[in-house]
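For reference, the structure discussed in these notes is given below.
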């Protein structure tokens with residue numbers, strides 16, 4: 037959690053590119069919804085919306 041927000045945003049993007057999301061991937065993204073950095077939260081929200089549509 038100490039890494040800079042840009043790295044966490046990249047992680048969300050990478051997770052979003054994985055095909056066939058499993059519950060583990062989704063939980064990882066969900067955990068970033070509570071990130072202290074707003075840009076990371078926004079990226080996680082967008083990613084979850086993409087997965088669920």
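In my numbering, the protein residues as written are 37 to 89.
Note that the Cβ used here is the ideal one computed from N, Cα and C, for glycine as well.
In this chain, the alpha helix (DSSP H) harbouring residue 53 covers 41-53. The C-beta of residue 79 has 16 or more other C-beta atoms within 10 Å across all chains shown, which makes the residue buried. Per DSSP, residue 84 is one residue of the alpha helix (DSSP H) stretching across 74-88. In the assembly as shown, residue 44 is a buried residue. Its beta-carbon has 16 or more other beta-carbons within 10 Å. Assigned with DSSP and collapsed to three states, residue 70 falls in helix.
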